[in-house]
Amino acid sequence: MEILNDYFWPKEIDNVAAFLTNENPTILKRLQIFRAAAIVIFICIYIHSYFEMTNEYIRLLIAYTHWGVFLTMMTFIFLTIGCGIRFEDSSHFVHKAAFVLFEISWTSEVVITIMFWAVIAIMDSGKLKEVSYSSVMHLLECHLVPIILLSIDFAFNKMEFILSHGFLIAAVPTLYSLVSMFFSLKHDLHTYSILTWKDYKTFFGVALIAFFSVMGFICGYLIGKYKREPKLLFSNIDEKIIWPESKDLT
328 MEILNDYFWP KEIDNVAAFL TNENPTILKR LQIFRAAAIV IFICIYIHSY
378 FEMTNEYIRL LIAYTHWGVF LTMMTFIFLT IGCGIRFEDS SHFVHKAAFV
428 LFEISWTSEV VITIMFWAVI AIMDSGKLKE VSYSSVMHLL ECHLVPIILL
478 SIDFAFNKME FILSHGFLIA AVPTLYSLVS MFFSLKHDLH TYSILTWKDY
528 KTFFGVALIA FFSVMGFICG YLIGKYKREP KLLFSNIDEK IIWPESKDLT
């Protein structure tokens with residue numbers, strides 16, 4: 328177990344809680360208020376989803392969008408608990424759960440946002456014109472709000488993605504694909520025209536999910552590294568530029 332722990336949590340991340348916060352007390356306080364507000368927002372989204380998808384609960388299981396909403400809400404819940412309660416261990420399970428959930432949610436929301444606005448919206452443009460105002464609001468709140476809230480939090484916390492967590496990121500879209508295939512075929516129902524599990528487009532859709540998952544994780548990894556040490560990504564820029572000093576986050 329210790330070997331696995333060392334693999335998944337390198338020595339430079341011995342204080343997991345520090346990566347979920349901000350060293351500035353004022354910013355940290357506002358960050359906590361923001362996270363609490365985010366939880367309320369997600370509860371409202373779920374209430375709206377309940378009225379919007381009455382008697383269509385199976386779609387909640389086969390819609391990657393709602394997986395992302397749920398994962399992002401759980402991320403903010405664990406972030407709020409982990410940074411709002413003083414634990415004796417600075418690398419408590421709650422901290423590690425919040426850390427991993429943030430990685431998974433960020434990656435999933437990158438996939439969901441790009442897939443919806445750049446792929447599905449184009450393929451199903453005719454159907455989207457027929458939806459009601461309430462449905463449009465539901466689409467916007469589920470496909471934009473999570474990634475916006477995560478991005479704001481990412482800008483102020485000290486999160487850095489860990490490459491050894493890559494397999495966990497891959498596990499979510501894999502599990503989603505299996506669940507989606509099972510319920511879609513069993514109930515002869517699908518949410519996305521690109522994931523019917525009955526034609527060649529499904530393989531294209533699964534390939535896109537895998538590709539954007541990798542891109543989303545790499546994007547999060549680079550953003551985290553840039554926040555800590557800008558010179559790591561821009562070492563060839565004119566040396567006359569004065570970069571902020573790198574600080575040890577642990």
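Quick note on the numbering used here: the sequence shown kicks off at 328 and runs consecutively.
Backbone N, C-alpha and C define an ideal beta-carbon position, used for all residues, glycine too.
Asked, Found
"May I have a chain-ordered list of the alpha helix (DSSP H) segments no shorter than 4 residues that lie completely inside the region 477–528?", "493–514"
"Pick out whichever of I474, S540, T348 has its Cα sitting closest to the Cα of F494.", "S540"
"How far does the alpha helix (DSSP H) with M401 in it reach, from first residue to last?", "391–411"
"Quick one: Cα of L505 to Cα of N351, how far?", "43 Å"
"Does DSSP put P352 in a helix, a strand or coil?", "helix"
"Thinking just about the alpha-carbon of each residue, which of L490, T523, T518, A482 is nearest to the one in Y553?", "A482"
"Drop a sphere of 10 angstroms on the beta-carbon of N484, count the other beta-carbons inside from all chains shown, and report buried for 16 or more, exposed for fewer.", "buried"
"Taking A424 and F405 to be in contact with their CB atoms under 8 Å, please state how far apart those CB atoms are, rounded to whole angstroms.", "5 Å"
"Can you give the Cα-Cα distance for K338 and I447, rounded to whole angstroms?", "42 Å"
"Give a yes or no on contact between the region 506–513 and the region 395–403, applying the rule of three or more CB pairs nearer than 8 Å.", "no"
"Taking its Cβ as the centre, do 16 or more other Cβ atoms sit within 10 Å of E415, making it buried, or is it exposed?", "exposed"
"I need the boundaries of the alpha helix (DSSP H) containing K423, first residue and last residue.", "420–441"
"Can you find at least 3 beta carbon pairs, one from the region 364–375 and one from the region 463–470, that sit closer than 8 Å?", "yes"
"So, L477 versus W433, is the Cβ gap smaller than 8 Å?", "yes"
"Report yes if the CB atom of F531 is closer than 8 Å to the CB atom of I545, and no otherwise.", "no"
"In whole angstroms, what separates the C-alpha of L428 from that of V421?", "10 Å"
"Output the distance between the C-alpha atoms of T281 and H419, rounded to the nearest integer angstrom.", "Nothing in the structure corresponds to residue 281, since the chain is present only between 328 and 577."
"Please report the straight-line C-alpha distance between H470 and I412, rounded to a whole angstrom.", "31 Å"
"Tell whether a beta-carbon distance below 8 Å holds between P500 and I474.", "no"
"Let me make sure I understand the geometry here. Which of E430, L502, F397 has the alpha-carbon closest to that of M542?", "E430"
"Note down, in chain order, each residue of its chain lying with its Cβ closer than 8 Å to the Cβ of F346, except the 5 sequence neighbours on either side.", "I340, F426, N484, K485, M486, E487, L576"
"Between the alpha carbons of S435 and S417, how many angstroms are there, rounded?", "27 Å"
"Which residue from A445, W524, L355, F538 puts its Cα closest to that of G409?", "L355"
"Among the candidates V343, I550, V437, whose CA atom is the shortest distance from the CA of V396?", "V437"
"Which residue from Y527, I496, V533 puts its Cα closest to that of Y548?", "I496"
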